[in-house]
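Inspection log for the structure reproduced underneath, given as structure tokens.
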Amino acid sequence: MAARRSRKTGHWRNRHDEGHALRLEIGELARAAAEPGWTRLAVRRAQVGPYAETTLTRDGREIAAEGMDEPFQRLRELSYKADSGTWFTCELAFSPGSRGYTGRVDCSAPPFDEVPALAALAELTTFPRTESPGWLLTALPTAAPIGMATTYGEHHDWWADDRSGRRPPPPPPIHGDVTYVPAATMTCRDFSQGEGHGQRVVFLMESADDAEAGQLYVAGYEEAYWVARHGIRGTGEGVRSITLDGAALRFELAPEAADALGTETTFEARLKLPPETIAELRTALRAVLGPIAQAPELIGC
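This note's numbering applies: residue 5 is where the sequence shown begins, and numbers increase by one.
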């Protein structure tokens, strides 16, 4: 089973996945900096060359934040597009009780009232573009300082396909909205199970007749388990419990497990199945996860 890399490993299939993980990381840093009880966290990063300002507000009041320079800098690098540059401002907003985010990036409006001359020069040297906004050109010094670094912008285009033959998703945007809405539920109308080569698997599907429909599976092999959605998005750790409650199968997940699955930390599979099939599912889950010492806690199974 192919796992999507943890954002802490530094290995990614494409820029899109790494950029998404960086925005999730920024959200974690924002949550860590805020006192409990908040209703909205907003982060604004403004940067030209090495000159940057990061502002974190908790319900409209600015608070201190640490550790965001590195992920934002990396996000600018990932977003770079040859001849177009990268963004100057990135705004992200987070709500309690969700792993999601909304926001916007901008590659044309001035991020500061006054842009330092050396910052403007470093920006165009580092992230060259064929057309620059007037405010950036105006901020340039009249002469380039000796020793100014040469461009390395082209080196940000090294990403290759994931060898699957499919076109990789686009890189992080440099202008426009960014939104991530994690899944909280799915409706399952079909159930099956399988076993082979020491592996036991439980399949739940939105529709058995539609290959593009949502899928969820739980697998066990020797002392390891795997929970996945849509075939490849999954995790082998961080699933705290699986509860079968009537016609609902509820997963309680650690934040990183939720991010790997593309879900909230509580994810519910609503079972549109006959009672006798739900009973079969209960037995199958015990068979898959029961022999595994570090398996998620099974409740109601």
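Quick reminder that beta carbons are idealized off the backbone N, C-alpha and C, glycines included.
Source: prediction; values computed, not measured.
Exercise. Is T130 buried or exposed, if buried means 16 or more other CB atoms sit within 10 Å of its CB?
Worked result: Residue environment analysis places T130 among the buried positions, since at least 16 neighbouring C-beta atoms fall within 10 angstroms of its C-beta.
For this session: Would you check if the distance between the CB atom of E256 and the CB atom of S245 is smaller than 8 Å?
Result: Against a cut-off of 8 Å, the Cβ pair of S245 and E256 comes out as a contact.
For this session: Rounded to whole angstroms, what's the CA-CA distance from Y105 to A262? Just pull it up for me.
Result: Spanning the two alpha carbons is a distance of roughly 14 Å.
For this session: With a cut-off of 8 Å on the beta carbons, I'd call L96 and V47 a contact; round off their distance for me.
Result: Indeed they touch by this definition, with Cβ atoms about 5 Å apart.
Exercise. Which of helix, strand or coil does DSSP assign to A264?
Worked result: Per DSSP, reduced to three states, the secondary structure at A264 is helical.
Exercise. In chain order, which continuous runs of the alpha helix (DSSP H) of length 4 or greater are located wholly inside the stretch 234-288?
Worked result: With a minimum length of 4 residues, the continuous alpha helix (DSSP H) runs that stay inside the stretch 234-288 are 259-265.
For this session: Report all residues from its chain with a CB closer than 8 Å to the CB of A252; omit the five preceding and five following residues, and keep chain order.
Result: Cβ within range, chain order: E272, A273, R274, L275.
Problem set entry | Residue range of the alpha helix (DSSP H) that includes T129 | From DSSP, the alpha helix (DSSP H) with T129 extends over 121-130.
Exercise. In whole angstroms, what separates the C-alpha of R19 from that of P177?
Worked result: Approximately 10 Å, taken between the alpha carbons.
Exercise. Using CA coordinates, which residue listed in G224, Q203, F195, A188 is at the minimum distance from R254?
Worked result: In terms of CA proximity to R254, A188 leads the group G224, Q203, F195, A188.
Problem set entry | Cα-Cα separation between L208 and Y221, rounded to whole angstroms | Roughly 6 Å between the two C-alpha positions.
Exercise. Sorted by chain position, which residues of the same chain lie with C-beta nearer than 8 Å to A123's C-beta, five sequence neighbours on each side aside?
Worked result: Cβ within range, chain order: V52, G53, P54, Y55, A143.
For this session: Check the DSSP bridge columns for Q298 and list the partner residues they point to.
Result: Within the DSSP secondary-structure output, Q298 pairs in no beta bridge.
Exercise. Within 10 angstroms of its Cβ, does I303 collect 16 or more other Cβ (buried), or is it exposed?
Worked result: An exposed status is given to I303, since fewer than 16 other beta-carbon atoms sit within 10 Å of its beta-carbon.
For this session: Using three-state DSSP, classify G342 as helix, strand or coil.
Result: Only positions 5 to 305 of the chain appear in the structure, and residue 342 is not among them; the question remains open.
For this session: Can you give me the Cβ contacts of E127 inside the same chain, cut-off strictly under 6 Å, excluding the 5 residues immediately before and after it?
Result: V52, G53, listed in sequence order.
Exercise. Does DSSP classify R17 as helix, strand or coil?
Worked result: In the structure shown, R17 sits in coil (DSSP, three-state: anything other than H, G, I, E or B).
Problem set entry | Secondary structure, alpha helix (DSSP H): runs of 4+ residues fully inside the stretch 73-145 | Here the runs fully enclosed are 73-83, 121-130, 138-143.
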